[in-house]
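Trainee: Got a structure for you, written out below as structure tokens; questions coming shortly.
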Amino acid sequence: MTAASLGILGVGHLATYTIKGLRKSGDQRLVTLSPRNAKTAKMLAEACDCTIAKTNQTVVDNSDIILLSVRPDSLDTLLAELSIKPGQLIISVIAGVSLQHLRQHPALKQATLVRALPSASAEICAGPVPLYPANPVAEALFSCIGKAVVLESEELFDTALAHACLHGWSYFLVQELIDWSVNQGMDKETAKTMVAHSISSAIAFGESRPELNYDEIGQSIATPGTYTRKGINHIRDNGGIQSWVEAMDKTGRL
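Anchor point for the sequence shown: position 96 equals 87 in the working numbering, and the numbering is continuous, going up by one each time.
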């Protein structure tokens, strides 16, 4: 069975992660790119065996699925020039743009609409990809590049936006800890290995014990009098953990 063809409107970072992840997974479906952002489109065409269309309408006409990944301020102009086929699957990866807002556009009134939000790690076929509403074709597509997670409501999808941000924030935390290690005299590669594997191994161990909450594992390690307990107490007393929770809350309410 031939996989549904994919058209990309807005060839930016999210589209790049998605296409590279698809090809890494072995997915060889037809991918057609919009002609704007010519430099990125050319790179993907050459590296990932994609076709560059002459117009945005050609992308729509040649594709079963459309990935809508333009900036919010470009959305109205883009949709005004398009004719979407009735029932065509349109997957929006535009953060902060609701299904209600999308349905206000005449071009999308008869389309099948889904929201999704892959992260950078989709490029290596890792990480969650939140989806709403449930759609088997969209779920199959994103299952190629990570863990497709179907949310029960659009409100929960907007909550998942904070998790997507968490993914991005994590790089800054890891780098701060690497820099601290280097400042203590450790060489950069050793510091990178120690920090990255300390965190990734904690997640792996937590996932291996599904009967336990993560804090239960933490409490079993951070027992009274240990360096781990002293450290986590310092982090909590100085708002370290709470600031992450507050950032998630603020992002989820944007």
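All C-beta atoms in this analysis are idealised placements derived from N, C-alpha and C, irrespective of residue type, glycine included.
1) Which same chain residues, not among the five before or five after Met185, have their C-beta less than 8 angstroms away from its C-beta?
2) Which parts of the segment 12 to 64 are runs of the alpha helix (DSSP H), unbroken and 4 residues or longer, counting only runs that do not cross its ends?
3) So, is Tyr205 buried or exposed, given that buried needs 16 or more other C-beta atoms within 10 angstroms?
4) Counting only the same chain and skipping the five closest in sequence on each side, list residues whose C-beta sits under 7 angstroms from that of Thr181.
5) Is the beta carbon of Gly3 less than 8 angstroms from the beta carbon of Ser74?
6) Using the three-state DSSP reduction, which class does Arg106 fall into: helix, strand or coil?
7) For the alpha helix (DSSP H) containing Ser191, list its first residue and its last residue.
8) Quick check on this structure: which residue in Asp52, Ala107, His188 has the alpha carbon closest to the alpha carbon of His154?
9) Alpha carbon to alpha carbon, how far is Gly78 from Val141?
10) So is Asn246 buried or exposed if we call it buried at 16+ other beta carbons inside 10 Å?
11) How about Val128 and Ile56: are their beta carbons less than 8 angstroms apart?
12) Tell me, please, which residues DSSP counts as bridged to Thr139.
13) Between the Cα of Ala44 and the Cα atoms of Ser65, Leu58, Val22, which residue gives the shortest distance?
14) Our contact map puts Leu13 next to Cys135 with C-beta atoms below 8 angstroms; I'd like the distance itself, whole angstroms only.
15) Let me know if Ser110 comes out buried or exposed under the rule of 16 or more other beta-carbons within 10 Å of its beta-carbon.
16) Taking Cβ to Cβ, would you say Pro63 is nearer than 8 angstroms to Val84?
17) Please check the pair Ala98 and Leu80, which I expect to be a contact at CB under 8 angstroms, by giving their CB distance rounded to whole angstroms.
18) Can you tell me whether Asp149 is buried or exposed? The criterion is at least 16 other CB atoms within 10 Å of its CB, across all chains shown.
Mentor: Let me lay it out:
1) Ser172, Met177
2) 29 to 39, 47 to 52
3) exposed
4) none
5) no
6) strand
7) 179 to 199
8) Ala107
9) 20 angstroms
10) This structure cannot settle anything about residue 246, because the visible part of the chain is limited to -8 through 245.
11) yes
12) Per the sequence shown, residue 139 should be read as Ala rather than Thr. The partner list for Ala139 (beta bridge, DSSP) reads Val120.
13) Val22
14) 6 angstroms
15) buried
16) no
17) With 8 angstroms as the limit, Ala98 and Leu80 do not qualify as a contact, their Cβ atoms being about 14 angstroms apart.
18) buried
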